[in-house]
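Numbering (my numbering), first residue to last: 7 to 254.
Written as structure tokens, this is what we have:
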């Protein structure tokens, strides 16, 4: 992937990202993946490449787990304040280690007051094969457009590995940029990062603002919501940076 290949895709009708929306995430085996879990409802982990044979977790953190052949259900137990009787929902990260199809999936769950989440435990090599089948024969321009369209719709193929981040990543002249999620397209040497720009004062966003090493060493495409390229104070805009990676 050449650093000079830049495609800005301007798409109308952007689907706004809602932090409380239900979402599916794909988790590969044999690596630690951070996900977001609900501390309100029952979360579901789906074993897609076999059966669930074991789950390891910390009961002292209030984790309650039940399993079926292909699913793990995770709920957080509430605690009650002795002084007031008020119910308190846990907020500390929880660790889950799921043995699915003979492979170990390690998840670090950040607890949020959001609807129940679905986490799909995927077969890493199966995802590689699907990605090559989906994108491998496409010209580079069409491949980029297909990935960015999926990102704008927040509707990724199951073979893409989606990891929620949710951290304040950069400061652009006083305007905070949050890193929302990373999407790895295994087998294609590509990674897409979604950012949310929070304007504290009027600003104009351009692709050049993100052509920096902090946002990627081998950038292939940058896409900004055209309607919000010009931001008033208090507005937000989604930005997608697609880059080539070599550590697969």
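Where is the CB? At the ideal position from N, CA and C, for every residue including glycine.
Predicted model only: the values in this text are computed from it and were never measured.
Alpha carbon of residue 68 to alpha carbon of residue 163, nearest angstrom = 33 Å
Can you pull the DSSP bridge partners for residue 209?
-> 237
Can you find at least 3 beta carbon pairs, one from the stretch 52 to 65 and one from the stretch 190 to 201, that sit closer than 8 Å?
-> no
Sort out for me which residues DSSP pairs residue 103 with in a bridge.
-> 62, 112
C-beta contact flag for residue 181 and residue 127 at 9 Å | no
DSSP puts residue 197 in a beta bridge; with which residues?
-> 190, 249
According to DSSP, residues forming a beta bridge with residue 77 | 52
What are the boundary residues of the alpha helix (DSSP H) that includes residue 95?
-> Residue 95 -> no alpha helix (DSSP H), and no H or E assigned at all.
Limits of the unbroken beta strand (DSSP E) element including residue 175 = 167 to 178
Buried/exposed call for residue 29, threshold 16 Cβ in 10 Å | Interpretation of residue 29 is limited by its pLDDT of 47, a score under 50 that renders its predicted location unreliable; no figure is taken from the coordinates.
Between 179, 218, 153, which lies nearest to residue 165 when the distance is taken from Cα to Cα?
-> 153
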